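Written below as structure tokens is the structure these notes are about.
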Amino acid sequence: MSESVPERVLSDVIADNLRATQGINPGKGERRSWDRSIPILARDLVEAGLGGVEMLIEYQLPLTSKRADVILAGHDRRTGADSYLIVELKQWSQAELYEDDADLVLVSGMGDRPKLHPVVQVRGYCEYLADFVGALDQHRNAVRGVAYLHNARDPDIHDLYDHVEDERTRLFSKTRRGQFVDYLQAQFAPGSGAAAADRLLSSSIRPSKQLLKVAAGEIKNRDQFVLLAEQRLAYEMVLHAVEKARASNSKQVVIITGGPGSGKSVIALSLLGELSDRGYSALHATGSRSFTETMRRVVAKGSGRMKAMFKYFNNFMTAKPNDLDVLICDEAHRIRETSANRFTRSTQRTGRPQVDELINAARVPVFLLDEHQVVRPGEMGRVADITAHAHSLGLAVHQVDLDAQFRCGGSRKYEEWVLRLLGLDGGGPEEWTGDDHFAVSLAESPYELEALLRDRLEAGYSSRMTAGFCWSWSSPNGDDTLVTDVRVGDWARPWNVKGDRAVGNAPASALWASAPGGFEQVGCVYTAQGFEYDWNGVIFGPDLVYRDGKLVTVRSASKDPELVRRSVSDEQADQLIRNTYKVLLTRGMMGTVVYSVDPATQEFLAGLLEPRV
1 MSESVPERVL
11 SDVIADNLRA
21 TQGINPGKGE
31 RRSWDRSIPI
41 LARDLVEAGL
51 GGVEMLIEYQ
61 LPLTSKRADV
71 ILAGHDRRTG
81 ADSYLIVELK
91 QWSQAELYED
101 DADLVLVSGM
111 GDRPKLHPVV
121 QVRGYCEYLA
131 DFVGALDQHR
141 NAVRGVAYLH
151 NARDPDIHDL
161 YDHVEDERTR
171 LFSKTRRGQF
181 VDYLQAQFAP
191 GSGAAAADRL
201 LSSSIRPSKQ
211 LLKVAAGEIK
221 NRDQFVLLAE
231 QRLAYEMVLH
241 AVEKARASNS
251 KQVVIITGGP
261 GSGKSVIALS
271 LLGELSDRGY
281 SALHATGSRS
291 FTETMRRVVA
301 KGSGRMKAMF
311 KYFNNFMTAK
321 PNDLDVLICD
331 EAHRIRETSA
341 NRFTRSTQRT
351 GRPQVDELIN
361 AARVPVFLLD
371 EHQVVRPGEM
381 GRVADITAHA
391 HSLGLAVHQV
401 DLDAQFRCGG
411 SRKYEEWVLR
421 LLGLDGGGPE
431 EWTGDDHFAV
441 SLAESPYELE
451 ALLRDRLEAG
461 YSSRMTAGFC
471 WSWSSPNGDD
481 TLVTDVRVGD
491 WARPWNVKGD
501 RAVGNAPASA
511 LWASAPGGFE
521 QVGCVYTAQG
531 FEYDWNGVIF
541 GPDLVYRDGK
551 LVTVRSASKD
561 PELVRRSVSD
571 EQADQLIRNT
581 YKVLLTRGMM
591 GTVVYSVDPA
601 TQEFLAGLLE
611 PRV
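Residue numbers (the UniProt record's numbering): 1 to 613.
Written as structure tokens, this is what we have:
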């Protein structure tokens with residue numbers, strides 16, 4: 001600590017001007033990385049004559065779980081307007097570029113895995129804040145960023161400076177501390193920053209006009225988004241509800257239901273593009289990590305900013321009422337009882353229903369769902385639940401049911417056959433009599449199932465193998481290979497990857513259904529749900545078997561950790577297992593091949609299906 005700043009003065013500055021955001025209580029509880037860094041930053045502010053500048057600690061970026069270490073709030077020295085500086089504090093003492101990749105760095109003493117370049121990190125925070133805080137929509141230049149490596153000297157981080165491209169994002173080290181103080185003096189006017197901090201913290205949260213323009217251009221130029229019949233009706237109904245809500249300053253709820261492949265996601269993305277083009281603040285959200293990550297990767301490809309348009313249901317816990325015009329909740333059958341999980345801070349564990357948070361966040365919340373795809377305990381995305389909650393709030397609900405079938409070759413016959421097979425529509429199983437648009441067959445072994453699908457893959461079609469959750473799911477081996485958990489006799493294959501990182505040639509979990517290499521692993525319901533491929537293989541495990549003239553579920557045969565919980569009743573488990581197979585059986589666009597590990601069930605299926613594709 002500098003001798004020029006008395007410790008008493010420094011303590012007063014920290015006490016008076018440091019604000020903890022989002023329920024954090026600095027200085028109490030667990031120790032955080034900024035504990036040592038905050039006094040250093042406060043000292044620099046005092047020496048710059050800026051003791052009144054507000055320090056927002058661990059500011060949570062709107063609608064994300066990401067936190068900026070510090071945001072300094074004050075007034076621009078030249079114009080007097082509100083000014084904000086995002087400070088990413090790093091205690092690194094030595095770092096270098098990772099294999100000459102300008103965006104990644106290796107940090108001494110922190111292992112051999114690269115980390116994001118701190119300037120790239122803070123630049124992203126600046127862009128995101130300007131894109132989502134209403135007060136900054138027309139004042140993007142009011143936000144700047146610095147990475148402050150206050151323990152590092154220039155020779156130990158010299159090649160990191162190559163990524164400093166402009167005045168809006170800068171990098172400072174211990175060596176350049178004097179320059180950092182000068183930089184602060186150039187940015188902020190002396191005096192209190194409390195009012196500027198208040199305006200930032202109380203601002204509406206919505207996509208900026210610039211971001212909406214980007215989204216509209218990206219989505220509306222995709223010619224595959226063509227809406228037909230009930231799809232177009234649902235689309236127009238949402239647009240009408242949005243216009244009406246704005247004109248009458250009211251709030252309405254829209255529910256769109258439909259089976260797999262009925263076009264729910266096409267409607268969702270078409271709406272996101274059209275609403276953005278019209279200048280409405282709209283976001284897309286799901287409860288599926290795999291689905292959201294694929295949307296970010298495919299739809300927002302080439303536009304890092306647009307990825308922020310795709311959120312998760314639990315990102316709206318602290319959203320202000322009606323900050324958005326429209327919130328498009330795709331895969332809404334994945335809505336949970338609450339947004340809290342094991343990582344949620346105690347101050348946010350309110351017990352508030354997740355559906356209430358989603359309805360609260362927008363003037364027109366739109367829910368697209370298929371009730372037969374509820375596959376986890378605690379998922380509450382049913383029409384009756386959403387409608388009842390909306391009515392309890394005094395809100396009108398509009399519902400559209402999609403009749404068309406666009407997955408499974410457009411075969412409504414196949415979808416009805418699956419529902420009858422699984423006992424989900426009140427009728428009993430019936431023989432598959434064929435459909436010119438869709439092929440269904442029985443494989444005599446898992447080897448044959450894999451061979452048939454691989455043949456389709458080599459012919460240029462997309463193919464995937466899936467199975468009921470009846471085998472343990474192991475972490476990767478130490479040599480970066482996957483454990484062959486799914487075993488049927490001497491046939492064995494691994495489950496898809498568990499985490500965010502590829503393992504060997506196997507893609508990360510969220511990309512199993514769409515990325516090259518996914519065919520070599522067996523997918524589970526949590527990675528297959530929401531996706532489609534040309535040819536689909538399904539292995540029935542011992543959790544769904546034919547006994548006494550009907551298919552029955554065997555809860556004890558499931559390895560799904562969600563079904564182990566005592567809070568899940570046998571009736572709930574039965575429904576979830578049947579819904580799981582409904583999801584797995586309806587992923588294919590051209591055909592499905594099935595096989596059961598249980599001899600009696602295999603014989604039962606043989607009576608319903610032809611044995612060859």
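Using N, Cα and C, we set each Cβ at its ideal position, and we do this for glycine too. It should be emphasised that the depicted structure is a prediction, and the values quoted were computed from it without experimental measurement.
Thinking C-alpha only, which one of D182, W535, V119 is nearest V46?
If you number the sequence shown from 1, residue 46 lands on position 46. For the residues D182, W535, V119, the minimum Cα distance to V46 belongs to D182.
Looking only at its own chain, which residues have a Cβ that is under 6 Å from the Cβ of A396, when we skip the five neighbours before and after it?
Position 396 of the sequence shown, counted from the start, is the residue given in the question as residue 396. Contacts found: Q252.
Alpha carbon to alpha carbon, how far is R67 from A42? Give it in angstroms, no decimals.
Your numbering for residue 42 matches position 42 in the sequence shown. Your numbering for residue 67 matches position 67 in the sequence shown. Distance between the alpha carbons of A42 and R67: 19 Å.
Compare the Cα-Cα distances from L97 to each of K244, D159, F172 and report the closest residue.
As a first step, residue 97 must be located in the sequence shown, where it is residue number 97. Here the closest residue by C-alpha is D159.
Applying the 10 Å Cβ sphere with the 16-neighbour rule, what's the burial state of S65?
What you label residue 65 is simply residue 65 of the sequence shown in a count that begins at 1. S65 comes out exposed.
Give the straight-line distance between the Cα atoms of G518 and L56, rounded to the nearest whole angstrom.
For the purposes of this step, residue 518 is identified with residue 518 of the sequence shown, where counting begins at 1. For the purposes of this step, residue 56 is identified with residue 56 of the sequence shown, where counting begins at 1. So the two alpha carbons sit approximately 44 Å from each other.
For L271 versus V238, is the C-beta spacing smaller than 9 Å?
Here residue 271 refers to the residue found at position 271 of the sequence shown. Here residue 238 refers to the residue found at position 238 of the sequence shown. Closer than 9 Å, so yes.
Buried or exposed: V597, going by 16 or more other Cβ atoms within 10 Å of its Cβ?
Locating residue 597 in the sequence shown gives position 597, counting from the first residue. Buried is the call here.
What does the alpha-carbon distance come out to for the pair T79 and V53?
In the sequence shown, the residue the question calls residue 79 occupies position 79. In the sequence shown, the residue the question calls residue 53 occupies position 53. So the alpha carbons of these two residues sit roughly 16 Å apart.
Between the C-alpha atoms of Q521 and D500, what's the straight-line distance to the nearest angstrom?
Translated into the one-based positions of the sequence shown, residue 521 becomes position 521. Translated into the one-based positions of the sequence shown, residue 500 becomes position 500. Cα to Cα, the separation comes out at about 15 Å.
Are the Cβ atoms of V400 and E230 separated by less than 9 Å?
For the purposes of this step, residue 400 is taken as residue 400 along the sequence shown, with counting starting at 1. For the purposes of this step, residue 230 is taken as residue 230 along the sequence shown, with counting starting at 1. Going by C-beta atoms, V400 is nearer than 9 Å to E230.
Quick check on V594: buried or exposed, where buried means 16 or more other Cβ atoms within 10 Å of its Cβ?
The residue given as residue 594 occupies position 594 in the sequence shown. Answer is buried; the Cβ neighbour count reaches 16.
If we count the other Cβ atoms within 10 Å of its Cβ and call it buried at 16 or more, is P599 buried or exposed?
Taking the sequence shown and counting its residues from 1, one reaches residue 599 at position 599. P599 should be labelled exposed.
Quick check: the Cα distance between W34 and Y161, rounded to an integer number of angstroms?
Position 34 of the sequence shown, counting from 1, holds the residue named residue 34. Position 161 of the sequence shown, counting from 1, holds the residue named residue 161. At W34 the pLDDT is 49, less than 50, meaning the model places this residue with poor confidence and gives no usable figure here.
Can you find the residues in the same chain that come closer than 6 Å, C-beta to C-beta, to P476, ignoring five residues on each side of it along the sequence?
For the purposes of this step, residue 476 is identified with residue 476 of the sequence shown, where counting begins at 1. The answer, listed in chain order, is L482, V503.
Answer yes if the stretch 102-116 comes into contact with the stretch 191-203, meaning at least three C-beta pairs across the two stretches below 8 Å, and no otherwise.
Verdict: no, contact absent.
S288 and Q529: beta carbons closer than 9 Å?
Taking the first residue of the sequence shown as 1, we reach residue 288 at position 288. Taking the first residue of the sequence shown as 1, we reach residue 529 at position 529. Yes, the pair counts as a contact, with Cβ atoms nearer than the cut-off.
Please confirm whether V326 and V364 have their CB atoms less than 9 Å apart.
Taking the sequence shown and counting its residues from 1, the one referred to as residue 326 is at position 326. Taking the sequence shown and counting its residues from 1, the one referred to as residue 364 is at position 364. Yes. Within cutoff.
For L61, collect the residues of the same chain with a Cβ closer than 8 Å to its Cβ; drop the 5 residues on either side in sequence, then sort them by chain order.
On the sequence shown, position 61 is the one that residue 61 refers to. R67, A68, Y125, Y128, L129, F132, listed in sequence order.
Exposed or buried, which one is H391 when buried takes at least 16 other CB atoms within 10 Å?
Translated into the one-based positions of the sequence shown, residue 391 becomes position 391. With fewer than 16 other Cβ atoms within 10 Å, it is exposed.
Residue range of the alpha helix (DSSP H) that T601 falls in?
On the sequence shown, residue 601 is found 601 positions in, with the first residue counted as 1. Per DSSP, T601 belongs to the alpha helix (DSSP H) from 599-606.
From R420 to L608, what distance separates their C-alpha atoms?
One-based indexing of the sequence shown puts residue 420 at position 420. One-based indexing of the sequence shown puts residue 608 at position 608. For R420 and L608, the distance between alpha carbons rounds to 12 Å.
Suppose only complete runs of 4+ residues qualify. What are the alpha helix (DSSP H) ranges in the stretch 257-306, listed by chain order?
Correct list: 264-277, 289-298.
Let me check understanding here. Comparing Cα to Cα, which of V375, R376, L369 lies closest to A384?
One-based indexing of the sequence shown puts residue 384 at position 384. A384 has its Cα closest to that of L369, out of V375, R376, L369.
Within a Cβ cutoff of 6 Å, which residues of the same chain sit near T294, ignoring the five residues on either side of it in sequence?
In the sequence shown, the residue the question calls residue 294 occupies position 294. Once the five neighbours on either side are set aside, the close Cβ partners of T294 are S514.
Which one of L233, I328, W535, G378 has the shortest CA to CA distance from G273?
For the purposes of this step, residue 273 is identified with residue 273 of the sequence shown, where counting begins at 1. Comparing Cα-Cα distances from G273 to each of L233, I328, W535, G378, the minimum goes to I328.
Any idea what DSSP makes of R140, helix, strand or coil?
Counted from its first residue, the sequence shown places residue 140 at position 140. Residue state, collapsed to three classes: helix.
Do S567 and P377 count as a contact pair if the criterion is CB distance below 9 Å?
Your numbering for residue 377 matches position 377 in the sequence shown. Your numbering for residue 567 matches position 567 in the sequence shown. Cβ distance < 9 Å, so P377 and S567 count as in contact.
Which same chain residues, not among the five before or five after E30, have their C-beta less than 8 Å away from its C-beta?
In the sequence shown, the residue the question calls residue 30 occupies position 30. Any reading at E30 must be qualified, since the residue scores a pLDDT of 31, below 50, and its modelled position is unreliable; no value is offered.
Helix, strand or coil for F180 per DSSP?
Looking up residue 180 in the sequence shown gives position 180. It is helical.
Among L63, V119, L106, which has the Cα closest to the Cα of L89?
As a position in the sequence shown, residue 89 is number 89, starting the count at 1. Here the closest residue by C-alpha is V119.
Look up L395 in the DSSP assignment and say whether it is helix, strand or coil.
Along the sequence shown, read from residue 1 onward, the residue named residue 395 stands at position 395. L395 falls in the coil class under three-state DSSP.
Skipping 5 residues on each side, what residues in its chain have a beta carbon closer than 8 Å to that of A268?
In the sequence shown, counting from the first residue as 1, residue 268 sits at position 268. Cβ within range, chain order: H284, I328, D330, V366, L368.
Report all residues from its chain with a CB closer than 8 Å to the CB of D543; omit the five preceding and five following residues, and keep chain order.
Along the sequence shown, one-based indexing puts residue 543 at 543. Cβ within range, chain order: G468, F469, C470, T553, V554, R555, A557, S558, I577.
For the beta strand (DSSP E) holding H75, just list the boundary residues, first then last.
For the purposes of this step, residue 75 is taken as the residue at position 75 of the sequence shown. H75 -> beta strand (DSSP E) spans 67-75.
If you run the structure through DSSP and keep just helix, strand and coil, what is N341?
In the sequence shown, the residue the question calls residue 341 occupies position 341. Here N341 sits in coil by DSSP.
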